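Structure record follows, encoded as structure tokens.
Residue numbers (full-length UniProt numbering): 1 to 524.
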């Protein structure tokens, strides 16, 4: 009778103790997961990870620990719920779901934290950042290895048999996900090979832009038009990839142009180099390079290569090169070939007068106080010797410290006079003002730089023209010396008012002496 009573009570005990039932059904769950120790261990581990995450300066470690902490907090919530679920009115399925949930979240949290610290050790030995896709593959692989025994023990699932009987389904799913899996493995290969990183400027096929995202399925690049282009990893893996910013080294860009067959190559290459050196974004080291590329039936092809710190500036630098080259080559009479040639006489007749009318040139020359002593006939002759020069915005007309043999009158636009190591602006000059007279007449080096603030047209006269004037007008040298001394004193006062260093200007007599010496004039 006692045996019968015991036999009847056994089912009651099993029904009232769901945890005991789980143990009797599987018999394979470690005691560690059945007691209170996981709750205590999870709480301690959560506090420790929060402390480490708050103090570390490694952004990758912070991101990895954030995922681990979230998993452990979910574990603490589910574990607490499982302990306080009422025995009456709670279904067996709900108890099993909660139990499987806290076991999985605990295992995932521990795995995520362990992988985070392992990758931190790898980064301490190598400066190379671990690819995110590789971290995800490691995490999901370990998650799968932890999930299988938990599901087998808690849900009594025969996963091996299930996988063995679903071979056809596996093949169907594999074929359906063939492209996705191809992108996944191609992305993993790209991450391991690391031909580019987020932030690099790259060219893939016809697409050029900055990498903004690298994922499992694709990468995204933002081009210069701020369009975001998504490229599948499988396509990227088959294309040639050109990285313009790897290791943050200077990157070279090239501009090619065709020039008339009559232009001397050395003159063209020097013009290319001079223009390149004037652009602020172009590096001094490595230096710009100019090359003669090839000869064609209608022109000579030249190439200029410059180096930049940031490939994002390439379009603006190329535009600046093309713009400034047009002005420079036009001033030097170097012709850019047209598609068709008509007559060569146009070139001979258009060099001097195509930018300004003759009456405008005459009026400007009359406004220059240096030419006040000249009569109408001499002004007309001077007018015929004037060369019209056009400068683009930002171009340097005169460089401080250079030798100067030219004199300019501003016909249109505005120029800035700058001096000193910081190139502080001294003054701005508009139409009717002139520049470069001191260096031309005394042989001194240029005392300041002059830069075009906007597209400007200038009248140019050279030293031989003034030598003829001094020969025809013996008293002109003394008059110009007095004007130069007065003008030099005015410029010195302006320079000192903006913080420039004192400039002890020669007096009129000293200027006259240098002028006579330079032009070979005798005492009058």
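For every residue, glycine included, the Cβ atom is placed at its ideal position computed from N, Cα and C.
Nothing here was measured: the structure is a model prediction, and the numbers come from that model.
Residues that residue i bridges to, as DSSP identifies them
i, result
"residue 425", "418"
"residue 403", "445"
"residue 208", "203"
"residue 462", "406"
"residue 301", "258 and 294"
"residue 230", "220"
"residue 456", "391"
"residue 96", "In the DSSP output, where bridge partners are listed per residue, residue 96 has none listed."
"residue 289", "305"
Pairwise C-alpha distance: residue j and residue i
i, j, result
"residue 428", "residue 440", "20 Å"
"residue 459", "residue 449", "17 Å"
"residue 347", "residue 255", "The pLDDT assigned to residue 347 is 45, lower than 50, so where the model puts this residue is not dependable, and the model offers no usable value."
"residue 487", "residue 261", "45 Å"
"residue 241", "residue 251", "15 Å"
"residue 296", "residue 278", "29 Å"
"residue 32", "residue 234", "Model confidence at residue 32 stands at a pLDDT of 47, short of 50, so the residue's coordinates are unreliable; what they give is reported in the following sentence. Rounded to the nearest angstrom, the two C-alpha atoms are 45 Å apart."
"residue 239", "residue 69", "40 Å"
"residue 518", "residue 443", "7 Å"
"residue 119", "residue 140", "15 Å"
"residue 263", "residue 304", "16 Å"
"residue 395", "residue 332", "14 Å"
"residue 56", "residue 125", "17 Å"
"residue 21", "residue 154", "Note that residue 21 scores 43 on pLDDT, short of 50, meaning its location in the model is unreliable; the coordinates nonetheless yield the value given after this. Distance between the alpha carbons of residue 21 and residue 154: 11 Å."
"residue 435", "residue 199", "47 Å"
"residue 321", "residue 196", "29 Å"
"residue 257", "residue 301", "6 Å"
"residue 209", "residue 315", "12 Å"
"residue 104", "residue 150", "7 Å"
"residue 190", "residue 228", "20 Å"
"residue 45", "residue 144", "22 Å"
Simplified DSSP state of residue i, which is helix, strand or coil
i, result
"residue 224", "coil"
"residue 408", "strand"
"residue 449", "strand"
"residue 322", "helix"
"residue 255", "strand"
"residue 213", "strand"
"residue 521", "coil"
"residue 2", "Confidence at residue 2 is low in this model, with a pLDDT of 44, below 50, so the placement of that residue should be treated as unreliable; the coordinate-derived value is given next. Helix at residue 2."
"residue 266", "helix"
"residue 391", "strand"
"residue 434", "strand"
"residue 122", "helix"
"residue 194", "coil"
Integer Cβ distance of residue i from residue j, believed to fall under 8 Å
i, j, result
"residue 416", "residue 451", "5 Å"
"residue 356", "residue 275", "Rounded, the Cβ-Cβ distance is 24 Å, inconsistent with contact."
"residue 212", "residue 221", "7 Å"
"residue 430", "residue 410", "6 Å"
"residue 468", "residue 399", "That pair is no contact at about 27 Å."
"residue 312", "residue 201", "7 Å"
"residue 480", "residue 370", "6 Å"
"residue 407", "residue 437", "5 Å"
"residue 106", "residue 42", "6 Å"
Residue-chain proximity (residue i, chain D), Cβ-Cβ < 9 Å
i, result
"residue 517", "Any reference to chain D falls outside this structure, which holds one protein chain only."
(message) For the structure I just gave you, are there three or more beta carbon pairs, one from the region 261-272 and one from the region 216-234, closer than 8 Å?
(response) no
(request) Please confirm if the region 273-287 is in contact with the region 306-319, defined as three or more CB-CB distances below 8 Å between the two stretches. (result) yes
(message) Three Cβ pairs or more, each shorter than 8 Å: is that satisfied between the region 96-114 and the region 59-77?
(response) yes
(message) Under 8 Å, with one C-beta from each stretch per pair, do the region 46-54 and the region 88-107 reach the 3-pair mark?
(response) no
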